[in-house]
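Asks: Under this note's numbering, the very last position in the sequence shown is 77; numbers go up by exactly one each time.
Idealized CB from N, CA, C, for every residue including glycine.
Bear in mind the structure is a predicted one, so any value in this text is a computation, not a measurement.
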Amino acid sequence: MNATQIEQRLLEAFPDAKIKATDMTGGGDHWQVTIQTGAFKGLSLVEQHQAVYKALGSWMRREIHALALTTKALD
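#1: Along the chain, where does the alpha helix (DSSP H) that runs through A75 open and close?
#2: What are the residues that DSSP puts in a beta bridge with H32?
#3: I think L58 touches R11, with their Cβ atoms under 8 Å apart; what is that distance to the nearest whole Å?
#4: Nearest by alpha-carbon distance to I21: which of T27, G29, Q7, E49 is it?
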(Lines of atoms letter the chains of each structure in order from A; the text may use other names.)
(Lines give C-alpha, C1' and ligand atoms only; values in the text may rest on other atoms or scores of the structure.)
Protein backbone atom coordinates (compact mmCIF):
# COMPACT_ATOMS: atom_id res chain seq x y z
CA MET A 3 0.00 0.00 0.00
CA ASN A 4 1.24 3.48 -0.78
CA ALA A 5 0.21 7.07 -0.14
CA THR A 6 -1.30 7.51 -3.60
CA GLN A 7 -3.63 4.55 -3.08
CA ILE A 8 -4.88 5.93 0.24
CA GLU A 9 -5.30 9.43 -1.16
CA GLN A 10 -7.21 8.11 -4.21
CA ARG A 11 -9.56 6.00 -2.10
CA LEU A 12 -10.32 8.97 0.14
CA LEU A 13 -10.86 11.24 -2.88
CA GLU A 14 -13.48 8.79 -4.14
CA ALA A 15 -15.42 9.32 -0.90
CA PHE A 16 -14.56 13.02 -0.48
CA PRO A 17 -14.06 14.55 -3.96
CA ASP A 18 -13.39 18.09 -2.67
CA ALA A 19 -10.82 16.95 -0.10
CA LYS A 20 -7.29 18.13 0.43
CA ILE A 21 -5.42 15.01 1.53
CA LYS A 22 -1.89 14.19 2.61
CA ALA A 23 -0.99 10.59 3.50
CA THR A 24 2.41 9.85 5.04
CA ASP A 25 3.86 6.38 5.64
CA MET A 26 5.19 6.65 9.20
CA THR A 27 7.46 3.58 9.17
CA GLY A 28 8.15 2.77 5.53
CA GLY A 29 6.31 -0.53 5.88
CA GLY A 30 3.03 0.60 4.33
CA ASP A 31 0.88 -0.17 7.37
CA HIS A 32 1.36 2.80 9.74
CA TRP A 33 -0.09 6.02 8.34
CA GLN A 34 -0.57 9.68 9.19
CA VAL A 35 -3.42 11.16 7.15
CA THR A 36 -4.45 14.80 7.09
CA ILE A 37 -7.76 15.45 5.35
CA GLN A 38 -9.84 18.59 4.91
CA THR A 39 -13.25 18.36 3.24
CA GLY A 40 -16.59 20.12 3.19
CA ALA A 41 -18.19 16.77 4.01
CA PHE A 42 -16.99 17.20 7.60
CA LYS A 43 -18.94 20.42 8.15
CA GLY A 44 -21.23 20.00 11.16
CA LEU A 45 -19.67 16.67 12.17
CA SER A 46 -17.96 16.05 15.48
CA LEU A 47 -14.33 14.94 15.44
CA VAL A 48 -15.42 11.36 16.18
CA GLU A 49 -17.90 11.45 13.28
CA GLN A 50 -15.19 12.81 10.97
CA HIS A 51 -12.86 9.97 11.91
CA GLN A 52 -15.65 7.41 11.49
CA ALA A 53 -16.29 8.74 7.98
CA VAL A 54 -12.61 8.26 7.09
CA TYR A 55 -12.59 4.73 8.53
CA LYS A 56 -15.70 3.91 6.50
CA ALA A 57 -14.13 5.29 3.32
CA LEU A 58 -11.03 3.15 3.84
CA GLY A 59 -13.27 0.11 4.35
CA SER A 60 -11.54 -3.26 4.46
CA TRP A 61 -8.11 -1.63 4.38
CA MET A 62 -8.67 -0.71 8.04
CA ARG A 63 -9.04 -4.39 8.91
CA ARG A 64 -6.36 -5.83 6.65
CA GLU A 65 -3.70 -3.47 5.31
CA ILE A 66 -3.61 -0.57 7.78
CA HIS A 67 -2.33 -1.43 11.25
CA ALA A 68 -2.19 2.12 12.64
CA LEU A 69 -3.81 5.36 11.46
CA ALA A 70 -3.20 8.79 12.94
CA LEU A 71 -5.81 11.23 11.63
CA THR A 72 -5.98 14.99 11.45
CA THR A 73 -9.37 16.05 10.09
CA LYS A 74 -10.91 19.44 9.43
CA ALA A 75 -14.00 20.78 7.69
CA LEU A 76 -13.39 23.05 4.71
CA ASP A 77 -15.24 26.36 4.84
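Replies: In terms of the structure at hand:
#1: Unbroken run through A75 is the beta strand (DSSP E), 68-75; no alpha helix (DSSP H).
#2: A68
#3: 6 Å
#4: Q7
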